[in-house]
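Asks:
In full-length UniProt numbering, the protein residues as written are 1 to 764.
Structural data, given as structure tokens:
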């Protein structure tokens, strides 16, 4: 509201200024109109005087003409008198002519003045009409502005009223929030006081413990601080290992390309300019090919050294220049390869010169050979630069005073620049070799073997350029990471003092990691946090709690174990019973041979009983006996051998008893399992109901507290409502003031309109 009032006041001031300017313009126009009216009146008076004068002169001329006519008539009658008075008439005519001439000139001058005054009047009238049109357009524009402002003010009043209602609601909510924030701030202040007191007491206790137990602070001296294990940055180590793996892949590509380049160069020496199959190669080229044949012993160690360096960078170590001991071995392998390049460089240059002196070499081929002559020198120089910078990086792991930490950044940037130079030189070599191969194909003695060898050399040089380009871009892209990650040390110290301290630090780190690993116990698998939050209500309201289910699972596992033990026991018992049954069967067979006649008599006496027993046994065989348990459903089929007439009644009786008891046991176990499951289910339901009851009591307590807070809030809201009513009244007073101000502005605008109308009428 304040901002809107301020805007309205500013617009009111602008309108006041516009009204004042218009009033000043109207006053000036009134004065101009008065002046013009006065000038018009003067001109009209002059015109009236001039017309009156002209009428007098016309009458005088008529009188003079009449007098002339009378004089001429008289002249005819008395010529004598004319002659006597001729002298007098001539004098009078001259006087009259002079007077007439003056009157004619004055009349001409007056006509000119009248014409000029008429033209000026027309011009003024046109100007005033144009000015009147402009004023009318301005008045219309002002009227449109006034209408738009009235609309705008009415809209702003409506908006202000709506904003007032919204602000009242917002003020109510803000007052509620302010009161809540006050309560929270009071609670937080109380908690802060308690925490400050607790922390003060703990600080005093820790200071006492430190003063009593800690003999010295090892971070104060750099010598002892270098032995402290720095903070382990696992992400940094993984990043360095990844970068080392990429660098190893690039080095492997370079190694294979260098091996191919040296071997194909050796083959070319044996072919061009003199083919060893047809003629003897010069001793220089023989020695050069002998040295080139040894390239693998110098190139392969580069790959091995980079592999050892990659294996030394693990997730558990602290990788800095002081701990990368394998970098020294890589620099030594690079030095041996640099020695190999220095050894073959003079032979290579002399071989190119000898090729230029041969009769097959043209001028263009000679120029290409000289360009390659320069390129080989530059290639060796670039390898020398790389060796010097890599040997400097290897110094902190052997002689830390040889390279300061402040120079790490410059060394890395120089390595990146050297790699880019290596890539540029290899591009030049590839270009010059391709031109040389094209020229050698045009030689009349060129063979297919020479062409294939040149193609192989070009492919190896292209692989070298690609590998060097990848290495240069890789190193320049990760330059900031190298400089930042390879230069951190223990907490509170700037750097490691010596490689020995770094090695001791790594040993301490391994011991600490092993100790922490021994203390660390594997945590059980838990449910994710979001899933646990989502399933909290379900778990609280479920009929089976987690503990009850765990107990049930434990009990079921124990029952399974017991049943497995019983199963094994009864399996053994069944095997023993089978063995006993076989023995008894053998005894029965032996005894049946002597007592066959008695068995026949018994069978004839009791046929009906045997038939009944046979039917019962067949039913028991056909119907399976099922026993349900937690492990699986066991379907027990008791194999009973039914003999027609040879089996005795004892066996059939025992089988019937056995089947009966087995069925009874299966039925009892099923009933027992049902009873156990029901008891567990009822126990879980009872526990869940108890938990629900406790949760309901807690919710009841929380609801009572919320009711108390709501009653307090109602009282606060009533007080805030009174305050808002007072603010509402103040806002209404302000709006009434603004409406009065707008009415006054409308009155002033109507007055301006009336003045403009009057100006229009006066101008018309």
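In this text, a Cβ means the ideal position worked out from N, Cα and C, and glycines have one as well.
Measure the alpha-carbon distance for residue 431 versus residue 439 and round it to whole angstroms.
Replies: About 13 angstroms.
Asks: I want to know whether the stretch 444–452 touches the stretch 246–259 - three or more CB-CB distances under 8 angstroms.
Replies: As far as the Cβ criterion goes, the stretch 444–452 does not touch the stretch 246–259, which means the pair count is below three.
Asks: Assign residue 142 to one of three DSSP states: helix, strand, or coil.
Replies: Three-state result, residue 142: helix.
Asks: Answer yes or no: do residue 396 and residue 321 have a C-beta to C-beta separation smaller than 8 angstroms?
Replies: Yes, Cβ-Cβ distance for residue 396 and residue 321 is below 8 angstroms.
Asks: Along the chain, where does the alpha helix (DSSP H) containing residue 331 start, and where does it finish?
Replies: That run of the alpha helix (DSSP H) goes 326–357.
Asks: Taking DSSP as the reference, what is the three-state secondary structure of residue 293?
Replies: Correct three-state label for residue 293: coil.
Asks: Taking 7 angstroms as the limit between beta carbons, can you name the residues of its chain near residue 124, skipping five residues before and five after?
Replies: Answer for residue 124: 36, listed in chain order.
Asks: By Cβ distance below 8 angstroms, which residues in the same chain neighbour residue 747 in space, the five residues on each side in sequence not counted?
Replies: Contacts found: none.
Asks: Span of the alpha helix (DSSP H) holding residue 281?
Replies: Segment: none, residue 281 is in no alpha helix (DSSP H) and carries neither H nor E.
Asks: Hey, would you say residue 475 sits closer than 8 angstroms to residue 390, going by beta carbons?
Replies: Not in contact: residue 475 and residue 390 (Cβ atoms no closer than 8 angstroms).
Asks: Whole angstroms are fine: how far does the CA of residue 102 sit from the CA of residue 56?
Replies: Going by the C-alpha atoms only, they are around 14 angstroms apart.
Asks: Counting C-beta neighbours from all protein chains within 10 Å, is the total for residue 387 16 or more, i.e. buried, or is it exposed?
Replies: Buried, because 16 or more other Cβ atoms sit within 10 Å of the Cβ of residue 387.
Asks: In terms of residues, what are the limits of the alpha helix (DSSP H) holding residue 315?
Replies: Careful: residue 315 lies outside any alpha helix (DSSP H) and carries neither H nor E.
Asks: Candidates 469, 332, 44: which alpha carbon is nearest residue 305's?
Replies: Nearest of 469, 332, 44 to residue 305, Cα basis: 332.
Asks: Between residue 342 and residue 356, which are expected to be in contact by the criterion C-beta below 8 angstroms, what is the C-beta distance as a whole number of angstroms?
Replies: That pair is no contact at about 22 angstroms.
Asks: Measure the Cβ-Cβ separation of residue 298 and residue 453 and say whether it is below 8 angstroms.
Replies: No, these two residues do not count as a Cβ contact at 8 angstroms.
Asks: Can you give the beta carbon distance from residue 799 to residue 261, rounded, assuming they're within the 8 angstroms contact cut?
Replies: Because the chain here runs from 1 to 764, residue 799 falls outside it and cannot be looked at.
Asks: When the Cα atoms are used, what is the spatial distance from residue 733 to residue 162?
Replies: Answer to the nearest angstrom: the Cα atoms are 16 angstroms apart.
Asks: Should residue 170 be labelled buried (16 or more other beta-carbon atoms within 10 Å of its own) or exposed?
Replies: Counting Cβ neighbours within 10 Å, residue 170 comes out exposed, since fewer than 16 surround it.
Asks: Measure the C-alpha to C-alpha separation of residue 534 and residue 692 and round it to an integer number of angstroms.
Replies: Between residue 534 and residue 692, the C-alpha separation is close to 18 angstroms.
Asks: Using the three-state DSSP reduction, which class does residue 445 fall into: helix, strand or coil?
Replies: If DSSP states are grouped into helix, strand and coil, residue 445 belongs with coil.
Asks: Name the two residues that bound the continuous alpha helix (DSSP H) containing residue 239.
Replies: Element bounds for residue 239: 234–271.
Asks: Start and end of the alpha helix (DSSP H) containing residue 386?
Replies: First-last of the alpha helix (DSSP H) with residue 386: 363–394.
Asks: Below 8 angstroms between beta carbons: does that hold for residue 288 and residue 347?
Replies: Result yes, Cβ atoms of residue 288 and residue 347 sit closer than 8 angstroms.
Asks: Helix, strand or coil: how does DSSP classify residue 323 here?
Replies: Residue 323: coil per DSSP, three-state reduction.
Asks: With a 10 Å radius around its C-beta and 16 neighbouring C-beta atoms as the bar for buried, classify residue 519 as buried or exposed.
Replies: Counting Cβ neighbours within 10 Å, residue 519 comes out exposed, since fewer than 16 surround it.
Asks: Could you give the distance in angstroms between the alpha-carbon of residue 61 and the alpha-carbon of residue 93?
Replies: Distance between the alpha carbons of residue 61 and residue 93: 13 angstroms.
Asks: Would you mind sorting residue 318 into buried or exposed? The rule is 16 or more other CB atoms within 10 Å of its CB.
Replies: Looking at its Cβ environment, which holds 16 or more other Cβ atoms inside 10 Å, residue 318 is buried.
Asks: I'd like the list of long-range same chain contacts for residue 251, defined as Cβ closer than 7 angstroms, with 5 residues on each side in sequence excluded.
Replies: Cβ within range, chain order: 302, 303, 306.
Asks: Select from 551, 484, 46, 294 the residue whose C-alpha is nearest the C-alpha of residue 118.
Replies: Residue 46 is the option with its Cα nearest to residue 118.
Asks: Alpha carbon to alpha carbon, how far is residue 140 from residue 717?
Replies: Approximately 53 angstroms, taken between the alpha carbons.
Asks: So, under 8 angstroms CB-CB, residue 468 and residue 426 are touching, yes? Tell me the CB distance rounded to an integer number of Å.
Replies: Their Cβ separation, rounded to whole angstroms, is 5 angstroms, which keeps residue 468 and residue 426 in contact under 8 angstroms.
Asks: Given this structure, state the Cα-to-Cα distance separating residue 708 from residue 698, to the nearest angstrom.
Replies: Residue 708 and residue 698: Cα-Cα distance of roughly 16 angstroms.
Asks: My assumption, with CB atoms under 8 angstroms, is that residue 458 sits in contact with residue 484. Please give the rounded CB distance.
Replies: That pair is no contact at about 40 angstroms.
Asks: Three-state secondary structure (DSSP) at residue 765?
Replies: What is shown of the chain runs 1 to 764, which leaves residue 765 out entirely.
Asks: Residue 528 by DSSP, collapsed to three states: which one?
Replies: Of the three classes helix, strand and coil, the one that applies to residue 528 here is coil, per DSSP.
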